[in-house]
Each structure stands twice: as C-alpha cells, then as structure tokens.
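Participant: Dumping the structure here so I can ask a few things about it.
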Amino acid sequence: MEFIQWSKDNGVPVGPGRGSGAGSLVAYALKITDLDPLEFDLLFERFLNPERVSMPDFDVDFCMEKRDQVIEHVADMYGRDAVSQIITFGTMAAKAVIRDVGRVLGHPYGFVDRISKLVPPDPGMTLAKAFEAEPQLPEIYEADEEVRALIDMARKLEGVTRNAGKHAGGVVIAPTKITDFAPLYCDEEGKHPVTQFDKSDVEYAGLVKFDFLGLPHIDHHQLGAGDDQQAAREERRAAAGYRRYPAG
34 MEFIQWSKDN GVPVGPGRGS GAGSLVAYAL KITDLDPLEF DLLFERFLNP
84 ERVSMPDFDV DFCMEKRDQV IEHVADMYGR DAVSQIITFG TMAAKAVIRD
134 VGRVLGHPYG FVDRISKLVP PDPGMTLAKA FEAEPQLPEI YEADEEVRAL
184 IDMARKLEGV TRNAGKHAGG VVIAPTKITD FAPLYCDEEG KHPVTQFDKS
234 DVEYAGLVKF DFLGLPHIDH HQLGAGDDQQ AAREERRAAA GYRRYPAG
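Position in the sequence shown (first residue = 1) + 33 = my numbering.
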C-alpha cells in the first residue's frame, strides 16, 4: 500500500500491524506490516480463507493528529472524485429515545431523568429488555399516565436514525468516480464528503473499504524504539537460522 510508505517517509507514525492482516507474509514482505508472521506464529487463515465472504482487509493505524494528512494524500493521488470517507448513522437507543421524547413533550428534566435511569446501561439494551430487567419500569408505566404516554411514543421511535456521522476509520477508493457507486453527503460547509451508503452498503455496491484508524497512542515518542526493536528481531532471526537476502 503506497500510502503506508508515504506516511513513513513523511513523518506520519504508522502502527506495526493489527488484526488479521498481520498474518500475511506477503504483507510483511511488501512492508504493509512490520510484523513477521513466522516469527510470531500468526495465522494466515484469519486473513484469507475459503469460508470468508467479505474482502480481506487491513486495519492500518496512524497517529491521530496526522491521519487526515494521509487521507488528503490518497485523495490527491487517486483523485478527489474517487476517494471518500464513509457515513455512519446514529440511532435512537433506549435511554436516548426516552430523553428525546421527554424533552419534546415538555416534561421536566428530573421527571425524564428518573425514567431514563431505570434503563440498564448494558450494550444492546432495548426498551423491551429494560422492562424485563427492571421491575420498576412496568410499575411506573401502569401507575402513571404521563409515563405511559412517554414510553409508548419512545417505543415507536426506538431504533429510528437520529443523526449522520463519519465512520471512525473507513475510507473507500473507487476505480472511477465515487458517484458511479454511491451518492455523497457533505457537511454544512460543503466539505469532507462521505458516502451516503454505510460500510455494509458500500461493499455491497462493489467498493472496497480501507481502515485508516487514528490512534492517540501512536506517536513519535512511542515509535522511537523502532531501531532497538529491529535489532532485536534480527538477533532472533539469526538464532533461528533465518537469512536475509538483498532485494532484486
């Protein structure tokens, strides 16, 4: 991947490799990753196997502060009409939908807050699950007409798309214009286009998603130990009988 080498050449810290892509020896040979899968006994089959339906991909980690520079470089190289980030849709979850409906209905903050706090904070929580997990919810639902009206409305709106955002790392690079595959959406300033298809739909439309992940702990200070780590790797290879041959 050209943009990884460009990043290293232009002072953008890049992670050594993460996820299933680190199991590819070809990726290591092409300097896409910095981890030798033979040395660390990584499984190639996690990256590519006959039972995998989706395209294999690499999670590439960049310094948070300079990640946008890499995306700008990719857009300059392949054409801004061919490069875009990916949209995400926020939905109205159980707690949030109670708060939103309560605010629209004009209920006092304390009234709404008391109800929403009865919803357990577990991942994937729904109003139906909350009614089973928290005995007080069905009690106040039956006893208070205003609570009943609020929750009935919340049930109708639960799961509805609330807002649009940008995928944390997803970038698509199209062989032609992005608009040949997906419509685009821009922010209020008309900048930073993202696909109107989410990550699943862009793949269904024939585009390949690249993950450009910005991580705060990847910085020059942390990667400064790279030379020492490389020397240690060379010593381990020599002890194991590996030989390094010059390119070409």
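Ideal Cβ placement from N, Cα and C applies to all residues, glycine included. Just so you know, these numbers come straight off a predicted model, no measurement behind them.
Look up S117 in the DSSP assignment and say whether it is helix, strand or coil.
Facilitator: strand
Participant: Where D67 and M158 are concerned, what is the direct C-alpha to C-alpha distance, given to the nearest angstrom?
Facilitator: Rounded to the nearest whole angstrom, the CA to CA distance from D67 to M158 is 40 Å.
Participant: Identify the residues that DSSP records as bridge partners of I206: which are they?
Facilitator: V116
Participant: From G112 to I120, what distance separates their C-alpha atoms?
Facilitator: 19 Å
Participant: Let me know the secondary structure DSSP gives G247 once reduced to three states.
Facilitator: Note: G247 maps to strand in three-state DSSP.
Participant: What are the boundary residues of the alpha helix (DSSP H) that L144 is part of?
Facilitator: Going by the sequence as given, residue 144 is Phe instead of Leu. First-last of the alpha helix (DSSP H) with F144: Y142 to S149.
Participant: With H, G and I counted as helix, E and B as strand and the rest as coil, what does DSSP make of H106?
Facilitator: helix
Participant: Let me make sure I understand the geometry here. Which of H225, R85, S117 and H140 has the alpha-carbon closest to that of K242?
Facilitator: Among H225, R85, S117 and H140, the Cα nearest to that of K242 is on S117.
Participant: Of the choices V204, D231 and S233, whose alpha-carbon is the least far from that of Y105?
Facilitator: A small correction: the amino acid at residue 105 is Glu; Tyr does not occupy that position in the sequence shown. The candidate whose alpha carbon is nearest that of E105 is V204.
Participant: Taking contact to mean at least 3 C-beta pairs separated by less than 8 Å, is the segment 50 to 57 in contact with the segment 89 to 96?
Facilitator: yes
Participant: How about M88: is its Cβ closer than 8 Å to a heavy atom in the ligand FMN?
Facilitator: This structure lacks the ligand FMN, and indeed carries no ligand of any kind.
Participant: Spatial neighbours of T124 within its chain, please: CB distance less than 7 Å, with the 5 preceding and 5 following residues excluded, ordered by chain position.
Facilitator: If we look at T124 and ignore the five residues flanking it on each side, its Cβ neighbours are G192, V193, T194 and R195.
Participant: Put D213 into one of helix, strand or coil per three-state DSSP.
Facilitator: helix
Participant: For L160 and L190, I'd like the C-alpha separation in whole angstroms.
Facilitator: 11 Å
Participant: Is it true that the segment 171 to 187 meets the segment 128 to 146, where meeting means three or more beta-carbon pairs spaced less than 8 Å apart?
Facilitator: yes
Participant: Just to confirm before moving on: does the CB-CB distance between P216 and Q229 stay below 9 Å?
Facilitator: yes
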